[in-house]
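One structure below.
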Amino acid sequence: MNHTCKYTDLVSSLIDGELSPDEAAEFEDHLLVCQVCREERDALKELSGMFSVFRDAVPPIG
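Residue numbers (our numbering): 3 to 64.
Right under this line is the structure:
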């Protein structure tokens with residue numbers, strides 16, 4: 003069964019620091035009760051960590 007949550011779209015905004023402090027706190031409270039959003043947060047954090055190795059990469063000249 004595929005479970006969804008109407009707030010899942012906010013997960014990336016939370017991770018990217020795009021929510022206001024009040025919105026972030028409210029969403030963190032939501033994460034305490036919503037497994038769908040917690041799993042989405044964990045997956046996006048893992049993906050973000052994988053790409054972090056490229057943040058400081060210098061592209062070749064030419």
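Even glycine gets a Cβ: it sits at the ideal position worked out from N, Cα and C.
Just so you know, these numbers come straight off a predicted model, no measurement behind them.
Residue i versus the options, residue with shortest Cα-Cα distance
{"i": "GLU28", "options": "ASP44, SER50, TYR9, GLN37", "result": "TYR9"}
{"i": "THR6", "options": "HIS32, GLU48, GLN37, PHE56", "result": "GLN37"}
{"i": "GLY19", "options": "VAL60, LYS47, PHE56, LEU34", "result": "LYS47"}
Residue i: first and last residue of the uninterrupted alpha helix (DSSP H) it sits in
{"i": "LYS47", "result": "37–53"}
{"i": "ILE17", "result": "12–17"}
Beta-carbon gap between residue i and residue j smaller than 9 Å
{"i": "ALA39", "j": "LEU21", "result": "Residue identity differs from the one stated: residue 39 is Cys in this sequence, not Ala. Not in contact: CYS39 and LEU21 (Cβ atoms no closer than 9 Å)."}
{"i": "ILE63", "j": "ARG43", "result": "no"}
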